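Contents: one structure, followed by commentary.
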Amino acid sequence: MKLTFIRKLQEFDETGQPSSTKVILGNTDGALFPVFLNAEKINLSNTKLLNLALEKIYEENFPQRAENEKFNLFGSKIAEVDATIEKANKKIEEMTTQMTSQRTQSAVAQKTILDLLTLLYTKGLINDEDFTKLTQ
Numbered sequence: 014m015k016l017t018f019i020r021k022l023q024e025f026d027e028t029g030q031p032s033s034t035k036v037i038l039g040n041t042d043g044a045l046f047p048v049f050l051n052a053e054k055i056n057l058s059n060t061k062l063l064n065l066a067l068e069k070i071y072e073e074n075f076p077q078r079a080e081n082e083k084f085n086l087f088g089s090k091i092a093e094v095d096a097t098i099e100k101a102n103k104k105i106e107e108m109t110t111q112m113t114s115q116r117t118q119s120a121v122a123q124k125t126i127l128d129l130l131t132l133l134y135t136k137g138l139i140n141d142e143d144f145t146k147l148t149q
């Protein structure tokens, strides 16, 4: 049964003060369904009133289901965040491994260059001044 907005009315208490907003919903078979909302809701658009009335009907008729759906939504959002955190942690681990490898490669390259310079120096191919400049 699809409900549509029919009209809204302001309800008043015995002192003449607004007590509630009465939203009348209806279907194609002519059935009318009144829903009472807070008095200050009277100025909302018909679309907003329809949505509030449908939400109230849903929550009243399926209280556990509505609550479960909200918890399921939160659960799926938490799962998305967890997946994002897991991806970030994997990326950090990859970057840490890469940085460690680069440090090792850099240390090997530095040692190789220093060994080469030492060899050139011991063979007399570079002098003391050049060796000192290159190894500082």
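In the working numbering, the protein residues as written are 14 to 149. In this text, a Cβ means the ideal position worked out from N, Cα and C, and glycines have one as well. Quick caveat: nothing in here was measured; it's all calculated off a predicted structure.
Legend entry - Separation of Ile105 from Ala96, as counted between CA atoms: 14 angstroms
Inset, instruction - Might you give, ordered along the chain, the residues of its own chain that have their beta carbon closer than 6 angstroms to the beta carbon of Leu22, omitting 5 neighbours on each side? - result: Lys35
Inset, instruction - Take Leu7 and list the residues in its own chain whose beta-carbon comes closer than 6 angstroms to its own, dropping the five residues that flank it on each side. - result: Because residue 7 is not part of the residues shown, which for the chain are 14 to 149, the question remains open.
Inset, instruction - Just the C-alpha distance for Thr113 and Lys124, rounded to the nearest angstrom, thanks. - result: Cα to Cα, Thr113 sits roughly 17 angstroms from Lys124.
Legend entry - Enclosing alpha helix (DSSP H) for Ile70 [first to last residue]: Counting along the chain, the alpha helix (DSSP H) containing Ile70 begins and ends at Asn59 to Asn74.
Inset, instruction - Identify, in the order they occur along the chain, each residue of the same chain with its Cβ nearer than 6 angstroms to the Cβ of Leu147, setting aside the five sequence neighbours on each side. - result: Leu130
Inset, instruction - Pull up the DSSP beta-bridge partners for Ser119, would you. - result: DSSP, once it has assigned bridges, lists no residue as partnering Ser119.
Legend entry - Pick from Gly29, Thr41 and Ile37 that is closest to Met14, judged by C-alpha positions: Among Gly29, Thr41 and Ile37, the Cα nearest to that of Met14 belongs to Thr41.
Inset, instruction - Would you tell me roughly how many angstroms separate the C-alpha atoms of Ala92 and Glu99, rounded to the nearest one? - result: 10 angstroms
Legend entry - For Lys124, the three-state DSSP class (helix, strand or coil): helix
Legend entry - CA-to-CA distance, Gln77 to Asn85, given in whole angstroms: 12 angstroms
Inset, instruction - Please work out which residues of its chain come closer than 8 angstroms, Cβ to Cβ, to Ala44, disregarding the five sequence neighbours upstream and downstream, and give them in chain order. - result: Met14
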